[in-house]
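Residue numbers (the numbering used here), protein chains in the order written: chain B, 1 to 236; chain S, 1 to 236; chain L, 1 to 236; chain U, 1 to 236; chain X, 1 to 236; chain Y, 1 to 236. Ideal Cβ placement from N, Cα and C applies to all residues, glycine included. Report on the structure given below.
Protein chains: 6
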Amino acid sequence: MTDLSQATREALLRVGTSTLTGILSRRGLRNMFMQEVRPIRQDLPRMVGPAYTMRFIPAREDKAGAGGRGPLQRQAMEECPPGHVLVVDARGDARAASAGDLYVGRLRARGCAGIVTDGGLRDTDGVHKTGLPAYHRRASSPPSGIVHHPIDINLPIGCGGVAVYPGDILVGDCDGVVVIPPDIVDAVAEEAVATTLYDEFAEEEVARGRSLVGLFPVVGEEAKRDFEAWKKARSV
Amino acid sequence: MTDLSQATREALLRVGTSTLTGILSRRGLRNMFMQEVRPIRQDLPRMVGPAYTMRFIPAREDKAGAGGRGPLQRQAMEECPPGHVLVVDARGDARAASAGDLYVGRLRARGCAGIVTDGGLRDTDGVHKTGLPAYHRRASSPPSGIVHHPIDINLPIGCGGVAVYPGDILVGDCDGVVVIPPDIVDAVAEEAVATTLYDEFAEEEVARGRSLVGLFPVVGEEAKRDFEAWKKARSV
Amino acid sequence: MTDLSQATREALLRVGTSTLTGILSRRGLRNMFMQEVRPIRQDLPRMVGPAYTMRFIPAREDKAGAGGRGPLQRQAMEECPPGHVLVVDARGDARAASAGDLYVGRLRARGCAGIVTDGGLRDTDGVHKTGLPAYHRRASSPPSGIVHHPIDINLPIGCGGVAVYPGDILVGDCDGVVVIPPDIVDAVAEEAVATTLYDEFAEEEVARGRSLVGLFPVVGEEAKRDFEAWKKARSV
Amino acid sequence: MTDLSQATREALLRVGTSTLTGILSRRGLRNMFMQEVRPIRQDLPRMVGPAYTMRFIPAREDKAGAGGRGPLQRQAMEECPPGHVLVVDARGDARAASAGDLYVGRLRARGCAGIVTDGGLRDTDGVHKTGLPAYHRRASSPPSGIVHHPIDINLPIGCGGVAVYPGDILVGDCDGVVVIPPDIVDAVAEEAVATTLYDEFAEEEVARGRSLVGLFPVVGEEAKRDFEAWKKARSV
Amino acid sequence: MTDLSQATREALLRVGTSTLTGILSRRGLRNMFMQEVRPIRQDLPRMVGPAYTMRFIPAREDKAGAGGRGPLQRQAMEECPPGHVLVVDARGDARAASAGDLYVGRLRARGCAGIVTDGGLRDTDGVHKTGLPAYHRRASSPPSGIVHHPIDINLPIGCGGVAVYPGDILVGDCDGVVVIPPDIVDAVAEEAVATTLYDEFAEEEVARGRSLVGLFPVVGEEAKRDFEAWKKARSV
Amino acid sequence: MTDLSQATREALLRVGTSTLTGILSRRGLRNMFMQEVRPIRQDLPRMVGPAYTMRFIPAREDKAGAGGRGPLQRQAMEECPPGHVLVVDARGDARAASAGDLYVGRLRARGCAGIVTDGGLRDTDGVHKTGLPAYHRRASSPPSGIVHHPIDINLPIGCGGVAVYPGDILVGDCDGVVVIPPDIVDAVAEEAVATTLYDEFAEEEVARGRSLVGLFPVVGEEAKRDFEAWKKARSV
């Protein structure tokens with residue numbers, strides 16, 4: 001179980017994945033945003049939490065549990081620690097479901113922070129009703145075992161083309177999911193809050209007609225002074 | 001025209017495609033859920049009805065009707081029986097539309113139950129306004145004849161990677177569309193209602209913190225007793 | 001900067017992309033609808049305006065601006081003329097963003113008419129809040145420079161599989177984006193308004209149970225008379 | 001069974017698919033070349049013959065013949081007329097085979113002219129040994145019935161994104177397969193022979209250093225005279 | 001290290017993957033043929049051996065070995081047991097290499113039986129010269145570490161959409177690679193040899209003009225008698 | 001026209017694209033290998049030369065040259081400097097040809113070094129006969145103008161997902177094509193020759209049974225000494 005400080009968790013809940021991918025990119029981490037993984041609905045709450053992983057391999061008729069839902073899958077729902085995000089490596093295959101509303105409901109009841117798969121979720125209306133942030137490739141009703149076989153828990157995996165190690169911090173918003181290494185998450189969160197504040201200032205300036213020159217992406221001296229004044233005025 | 005009993009139709013309107021694919025899978029039918037076929041909007045009513053099929057092949061400039069909308073397409077809209085779902089084999093090609101709002105409006109006016117294509121629908125706002133459940137791959141404005149040539153009606157087809165025979169029962173919800181063979185549809189519907197009731201019970205239990213062990217997917221003795229009590233209490 | 005008459009602009013704001021692709025197809029223009037380019041949200045206002053283009057090529061670590069956001073991108077936001085649509089050729093690659101909310105906000109503040117990319121947009125909630133019509137392939141948070149390098153402005157480009165020449169007229173609705181050559185846009189708009197009026201009449205007729213025969217897509221004498229009467233009654 | 005004159009057959013055996021697609025395109029037929037359909041080996045003999053078609057739909061466990069190879073498939077091998085090409089609509093799906101060496105061997109023994117599928121062939125070494133021209137998407141060993149169900153014979157189909165009507169003339173070379181409407185095949189073949197002769201002349205000229213200006217694709221007066229002289233010298 | 005009897009190995013070297021997938025399918029194993037995995041050249045020797053697996057996840061700049069070739073990869077080359085096939089789960093991603101000629105040369109020198117990846121191999125000319133059977137998706141020159149991070153050895157993996165457990169028997173021919181569970185491999189091999197003999201008989205019969213009826217795929221009494229006579233004549 | 005020293009050209013003709021991508025990757029250039037671009041035949045000579053580029057956008061019926069082959073295309077064949085490689089940005093679209101044997105023959109006759117497209121080539125047998133190294137996605141017979149419109153010459157382009165600037169050095173072997181910035185090409189070539197020599201040594205060592213430990217990819221002291229001795233023995 002990974003420690004994620006309350007301050008960092010709260011900070012991450014207030015910043016966007018675009019801000020975070022920008023910061024990670026400047027630190028040399030260029031492949032941290034999951035491709036083709038999206039929220040099941042547009043109005044989900046934001047998601048923040050350390051990763052707890054499950055790996056699927058293709059199903060095979062001669063393996064116990066093929067065609068059904070193995071105990072490993074249920075175990076993941078029972079053991080994913082509170083505050084954590086269950087991340088499923090479904091090899092990008094959404095022909096059958098990675099999980100459904102009862103499993104997601106159990107994660108929710110146990111205080112988990114979200115579920116992410118690069119395959120599909122089923123019962124998406126039910127999943128949505130649990131209130132747990134849930135990300136997938138697309139809705140998929142067929143039972144998991146037709147395509148997938150859960151093979152192990154909490155090993156490093158790939159999800160949406162990104163490496164996810166147990167304990168990595170996942171942040172999700174309406175645009176998708178970003179992965180943050182835990183050893184830099186506090187610094188990244190702090191920087192993200194500052195960047196977000198500046199973006200808020202810049203958005204207001206842009207909305208009232210200010211040019212991007214000296215404002216964004218390169219910040220000139222004048223913009224720096226104006227930003228300081230803006231912060232003072234808002235008592236930030 | 002296929003008979004679909006009123007009781008079965010009503011039952012199917014109350015169960016999810018995930019429940020149905022689960023039941024079909026246990027009966028050995030593993031490929032009954034259309035891939036990459038989704039509702040045009042999230043708030044559609046559910047869809048239930050027997051399939052009436054239309055097949056497209058690629059358009060060719062030397063064939064009458066190429067570049068336009070052939071009489072066969074209009075015929076499908078005029079002859080798809082009330083209560084039925086028009087299912088279009090568009091070879092998964094959404095570069096041009098399979099149908100638009102006037103065609104869908106006519107289906108609606110004639111009492112049809114829905115339209116499904118593995119290609120695209122155009123005028124999706126207008127289609128949505130007709131109120132008819134409509135499923136496709138993605139919105140596509142270009143006229144059908146640029147890409148498609150309607151070639152025959154009510155033959156077995158493929159749609160979304162699933163075989164659809166005329167008279168098969170189609171059920172659609174927010175997650176997609178499942179195909180049910182008509183000879184087992186009554187039994188499947190009955191089982192689905194029972195499963196749905198149990199799922200409702202299990203969801204409540206999960207929401208109040210009960211473990212999945214003995215509850216789902218494997219149902220233990222205790223859960224069976226609790227379920228009976230729950231049903232009694234609700235006078236189901 | 002292209003002239004687009006106020007009358008034509010207003011006409012185009014009232015007609016659908018399906019009507020326009022139909023008219024263009026009858027004039028022999030069969031590939032004018034962008035594939036896999038969709039509105040960032042379903043509730044966007046319609047978009048009409050001449051194209052102002054920007055071209056991306058793949059990023060390369062040895063080129064200035066790689067890994068960051070080059071001055072060319074900002075220049076596009078500052079120079080896209082009011083009333084115009086910024087169209088980005090991202091080679092269909094949505095692994096990184098084509099633009100975000102500050103850039104889109106600047107386009108909005110400067111009176112531009114929209115933004116279209118066959119890649120991805122980031123900060124889609126912020127983009128949505130600007131109110132500017134925005135079309136993309138899918139949301140994508142990573143900064144542009146990880147994947148893209150802006151290379152030139154206002155050359156002919158490809159976007160969503162369609163050729164876009166600077167000054168072409170773009171029209172977007174909930175189904176997507178269509179491109180209209182400027183030399184025929186007045187005639188196309190006029191025809192589209194007439195077609196839309198007939199469609200409105202036909203929709204009403206269909207809704208009250210009239211057959212498609214002689215009504216759509218082929219219009220018979222009776223329908224012509226009824227349409228004239230309908231127009232008179234509505235004083236159109 | 002389609003008549004294809006011996007003269008036209010021989011002419012088509014000597015011209016390339018690129019020459020034929022060029023001629024068809026100038027006649028307004030723009031989509032006659034199968035996409036992603038290639039010879040199983042580079043050293044196949046050329047293929048010419050009228051189309052005899054078979055259509056697959058997705059397999060389903062409740063349909064007789066699912067999981068095995070139905071009588072319809074064998075019937076196609078026994079009844080495809082001599083000199084004809086068996087064309088299979090496999091919906092572009094190569095996850096299981098469309099046919100193997102015994103089936104192809106039977107076609108060969110019965111004097112058929114080739115086999116084409118937009119799915120896969122199995123036993124490609126054995127298929128190659130039969131000497132019959134064979135085209136597919138890629139090699140695929142699994143038995144047909146895992147994925148496909150043969151549903152009808154000699155209806156119009158799609159193959160490789162092209163409409164194929166029974167009796168259409170198919171021509172295959174190392175680059176792929178082109179479809180020619182039978183009512184224009186004699187004229188197309190004649191034109192193709194003439195074009196091929198000019199191309200041969202032009203290739204020689206180009207090889208010895210002549211500029212393309214006035215030679216290709218636009219043919220100037222000088223090139224016309226030189227071509228006549230070249231033909232005379234070769235007594236063509 | 002898995003035992004594979006010499007008799008079974010030799011039997012499997014003489015039968016095709018199409019014969020094996022047919023036998024496995026009749027035993028209910030329907031997904032044992034790797035998709036989009038092909039020999040690097042057409043003239044490779046056949047491949048037979050138990051699987052020794054390596055798993056890749058996406059590379060990440062903050063993980064040791066990213067950008068380079070980690071010790072795990074070398075370890076796999078040094079420890080894959082003689083007679084075994086190294087199978088790499090590259091998530092179907094061929095943007096960078098899974099291995100090159102030095103690694104493959106080492107496998108060859110150590111007496112391994114082959115290498116299979118659902119990603120790409122580099123130096124394919126050098127790999128070919130080693131003589132080791134090698135299967136991949138397509139050639140790919142970039143060094144592994146740009147895209148892949150080797151994460152563990154000899155766990156169950158997916159490769160080409162098929163589950164591969166350490167010790168599974170892999171067989172490769174010019175069409176691709178099939179996976180056989182070790183507990184049935186002797187029976188499968190025996191059946192495959194018998195089937196192959198019958199196929200050889202049937203091919204000869206077909207080549208001399210015999211109908212498929214009663215010969216293939218259903219074998220009638222007469223064909224059974226003829227086959228017995230054919231075997232006697234060949235003293236098989 | 002770019003200068004490429006004879007020494008560097010000869011060096012590059014003797015090294016593999018895998019060696020070059022490795023060297024470029026160590027210099028921080030990670031995306032220089034074209035994806036899905038392959039030689040038209042396996043037995044092509046290697047290709048080395050500076051890039052001369054042509055850009056295609058999608059064809060449009062209202063633009064001169066649509067449906068035919070424009071003068072720009074011919075101009076590229078006439079003006080690509082001797083020793084250079086013509087690189088075509090076809091947006092990865094192989095539905096129609098990028099060039100055919102007459103165009104390629106002209107390049108050859110004029111002393112050009114190769115042709116590369118991320119679309120398709122037609123007349124591949126004829127192209128092969130010219131002897132010019134030619135790379136594409138797959139064979140495609142339809143005339144260019146059905147899909148493509150040549151729009152400009154010698155601007156920076158994307159090809160196979162890689163940025164190509166005029167004057168970049170392209171190297172092709174049987175595995176594909178790599179792009180090298182001209183300002184580092186001499187150093188890269190020199191390093192590649194040295195690396196290739198070591199690889200040759202290592203291959204021999206591996207073939208005779210030496211372990212990879214200390215040999216590859218990390219080179220230990222002993223291997224360094226042995227390599228020196230090997231070079232001395234071969235008088236390199």
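Evaluate R234 (chain L) with the Cβ neighbour count: other Cβ atoms within 10 Å of its Cβ, from every protein chain shown; 16 or more gives buried, anything less gives exposed.
-> Position 234 of the third sequence, counted from the start, is the residue given in the question as residue 234 (chain L). With fewer than 16 Cβ atoms within 10 Å of its Cβ, R234 (chain L) is classed as exposed.
Measure how close the beta-carbons of G49 (chain L) and G114 (chain L) come, nearest whole angstrom, since I'm counting them as under 8 Å.
-> Working through the third sequence from its first residue, we reach residue 49 (chain L) at position 49. Working through the third sequence from its first residue, we reach residue 114 (chain L) at position 114. Contact flag correct, Cβ pair sits at about 6 Å.
Output the boundary residues of the beta strand (DSSP E) element that contains F56 (chain X).
-> Looking up residue 56 (chain X) in the fifth sequence gives position 56. M47 to P58 is the extent of the beta strand (DSSP E) around F56 (chain X).
Should E79 (chain S) go down as buried or exposed, given a rule of 16 or more other Cβ atoms within 10 Å for buried?
-> On the second sequence, residue 79 (chain S) is found 79 positions in, with the first residue counted as 1. Exposed.
Measuring only between beta-carbons, confirm whether H149 (chain L) sits less than 9 Å from chain Y.
-> For the purposes of this step, residue 149 (chain L) is taken as the residue at position 149 of the third sequence. Answer yes: the Cβ-Cβ gap between H149 (chain L) and chain Y drops below 9 Å somewhere.
Between the CA atoms of E203 (chain S) and Y103 (chain B) - distance to the nearest angstrom = Along the first sequence, read from residue 1 onward, the residue named residue 103 (chain B) stands at position 103. Along the second sequence, read from residue 1 onward, the residue named residue 203 (chain S) stands at position 203. Straight through space, the alpha carbons of E203 (chain S) and Y103 (chain B) are spaced by roughly 9 Å.
Under a Cβ-count criterion, where at least 16 other Cβ atoms within 10 Å of its own Cβ denotes burial, should E205 (chain U) be classed as buried or exposed?
-> Indexing the fourth sequence from 1 puts residue 205 (chain U) at position 205. Its Cβ being crowded by 16 or more others within 10 Å, E205 (chain U) is buried.
Report the partner residues of G120 (chain U) according to the DSSP bridge assignment.
-> Numbered from 1 along the fourth sequence, position 120 holds the residue referred to as residue 120 (chain U). Answer is U:A97, bridged to G120 (chain U).
Throw me the rounded Cβ distance for the A223 (chain S) and L20 (chain S) pair, which I believe falls under 8 Å.
-> Locating residue 223 (chain S) in the second sequence gives position 223, counting from the first residue. Locating residue 20 (chain S) in the second sequence gives position 20, counting from the first residue. In fact, because the Cβ distance is near 22 Å, the residues do not count as touching under 8 Å.
In angstroms with no decimal places, state the Cα-to-Cα distance between V236 (chain L) and H128 (chain S).
-> Residue 236 (chain L) sits at position 236 when you count from the first residue of the third sequence. Residue 128 (chain S) sits at position 128 when you count from the first residue of the second sequence. Taking the straight line from one Cα to the other gives about 26 Å.
Check the Cβ of A97 (chain Y) against every Cβ in chain U and list those closer than 8 Å, keeping chain order.
-> Counted from its first residue, the sixth sequence places residue 97 (chain Y) at position 97. S18, listed in chain order.
Kindly list, in the order they appear in chain U, the residues whose Cβ is closer than 7 Å to that of G28 (chain S).
-> Start at 1 with the first residue of the second sequence, and residue 28 (chain S) comes out as number 28. Ordered by position in chain U, the residues that pass the 7 Å Cβ test against G28 (chain S) are E61.
Would you mind listing the alpha helix (DSSP H) stretches within the stretch 173 to 212 of chain U that are 4+ residues and don't spill past its ends, in chain order?
-> Qualifying alpha helix (DSSP H) stretches, in chain order: 185 to 207.
Residues within the stretch 166 to 187 of chain S neighbouring chain B, beta-carbon criterion of under 7 Å | C174, D175, G176 and V178
Mind pulling the chain Y residues with CB within less than 8 Å of A163 (chain L)?
-> Taking the first residue of the third sequence as position 1, residue 163 (chain L) is located at position 163. What A163 (chain L) touches in chain Y: I57, P58, A59, R60, K63 and H149.
Would you mind working out which of S:P182, S:F216 and S:V188 sits nearest F201 (chain S), comparing C-alpha positions?
-> For the purposes of this step, residue 201 (chain S) is taken as residue 201 along the second sequence, with counting starting at 1. Looking at the Cα atoms, S:F216 is the closest of the given residues.
Among L:A59, L:L12, L:L29 and L:T8, which has the Cα closest to the Cα of P156 (chain Y)?
-> Here the question's residue 156 (chain Y) lines up with position 156 in the sixth sequence. Answer by Cα proximity: L:A59.
Looking only at its own chain, which residues have a Cβ that is under 8 Å from the Cβ of G22 (chain S), when we skip the five neighbours before and after it?
-> For the purposes of this step, residue 22 (chain S) is taken as the residue at position 22 of the second sequence. Around G22 (chain S): T195.
Closer than 9 Å, CB to CB, is G68 (chain Y) near chain L or not?
-> The residue you call residue 68 (chain Y) lines up with position 68 of the sixth sequence. At G68 (chain Y), the pLDDT of 46 sits below 50, so the modelled position is not reliable and the matter cannot be decided from this model.
When the cut-off is 9 Å and only beta carbons count, does G158 (chain Y) lie next to chain L?
-> By one-based count along the sixth sequence, residue 158 (chain Y) stands at place 158. Yes, because at least one Cβ of chain L sits closer than 9 Å to the Cβ of G158 (chain Y).
Could you work out which residue in U:E36, U:G176, U:Y198 and U:T8 is closest to Q42 (chain U) when comparing CA atoms only?
-> Residue mapping note: residue 42 (chain U) aligns to position 42 of the fourth sequence, counting from 1. For the residues U:E36, U:G176, U:Y198 and U:T8, the minimum Cα distance to Q42 (chain U) belongs to U:G176.
Using DSSP with H/G/I as helix, E/B as strand and the rest coil, what is R234 (chain Y)?
-> Counted from its first residue, the sixth sequence places residue 234 (chain Y) at position 234. Coil at R234 (chain Y), not helix or strand.
Verify the CB distance criterion: does D118 (chain U) have a CB-CB separation below 9 Å to chain X?
-> The residue you call residue 118 (chain U) lines up with position 118 of the fourth sequence. No, no contact with chain X.
Report buried or exposed for G28 (chain X), applying the criterion of at least 16 other Cβ atoms within 10 angstroms of its Cβ.
-> Position 28 of the fifth sequence, counting from 1, holds the residue named residue 28 (chain X). Flag for G28 (chain X) reads exposed.
Cβ pair F56 (chain U), I146 (chain U) closer than 9 Å | Residue numbering aside, residue 56 (chain U) sits at position 56 when the fourth sequence is read from its first letter. Residue numbering aside, residue 146 (chain U) sits at position 146 when the fourth sequence is read from its first letter. No, they are not a contact pair.
Residues of its chain near I180 (chain Y), where Cβ-Cβ distance is below 6 Å and the 5 sequence neighbours each way are ignored | Sequence index remark: in the sixth sequence, residue 180 (chain Y) carries index 180 (1-based). Taken in chain order, the residues that qualify are I169 and V188.
Per DSSP, which residues does I153 (chain X) bridge with? Please list them.
-> Position 153 of the fifth sequence, counted from the start, is the residue given in the question as residue 153 (chain X). In DSSP, I153 (chain X) forms a bridge with X:M54.
Relative to the alpha-carbon of S140 (chain S), which residue among L:D101, L:V178, L:G120 and L:L107 has its alpha-carbon at the smallest distance?
-> Indexing the second sequence from 1 puts residue 140 (chain S) at position 140. The shortest C-alpha to C-alpha distance from S140 (chain S) to any of L:D101, L:V178, L:G120 and L:L107 is the one to L:V178.
Quick one: give me the first and last residue of the beta strand (DSSP E) that L86 (chain S) is part of.
-> Residue numbering aside, residue 86 (chain S) sits at position 86 when the second sequence is read from its first letter. Run containing L86 (chain S): V85 to D89, per the beta strand (DSSP E) assignment.
So is R69 (chain S) buried or exposed if we call it buried at 16+ other beta carbons inside 10 Å?
-> Counted from its first residue, the second sequence places residue 69 (chain S) at position 69. With a pLDDT of only 49 at R69 (chain S), under the threshold of 50, the placement of this residue in the model should not be trusted; the figure read from the coordinates follows. It is buried - the Cβ of R69 (chain S) has at least 16 other Cβ atoms within 10 Å.
How far does the beta strand (DSSP E) with A244 (chain Y) in it reach, from first residue to last?
-> The displayed coordinates of chain Y run from 1 to 236. Any statement about residue 244 (chain Y) would go beyond what the structure contains.
Hey, quick one: how far does the beta strand (DSSP E) through A113 (chain B) stretch, first residue to last?
-> Residue 113 (chain B) sits at position 113 when you count from the first residue of the first sequence. Counting along the chain, A113 (chain B) falls outside any beta strand (DSSP E), and DSSP gives it neither H nor E.
Cut-off 7 Å between Cβ atoms - residues of its own chain near V219 (chain U), not counting five sequence neighbours on either side | Within the fourth sequence, residue 219 (chain U) is the residue found at index 219, counting from 1. So the list is empty, once near-sequence residues are dropped.
Alpha-carbon spacing of G67 (chain L) relative to A163 (chain U), whole angstroms = Here residue 67 (chain L) corresponds to residue number 67 of the third sequence, with the count starting at 1. Here residue 163 (chain U) corresponds to residue number 163 of the fourth sequence, with the count starting at 1. Low confidence applies to G67 (chain L): its pLDDT is 43, below 50, so where it sits in the model is not reliable, and the reading given next is rough at best. Answer to the nearest angstrom: the Cα atoms are 46 Å apart.
Could you spell out the range, first to last residue, of the alpha helix (DSSP H) harbouring A7 (chain U)?
-> Along the fourth sequence, one-based indexing puts residue 7 (chain U) at 7. From DSSP, the alpha helix (DSSP H) with A7 (chain U) extends over Q6 to L12.
Residues bridged to R38 (chain S) by DSSP?
-> Numbered from its first residue, the second sequence carries residue 38 (chain S) at position 38. Paired residue(s): S:H136.
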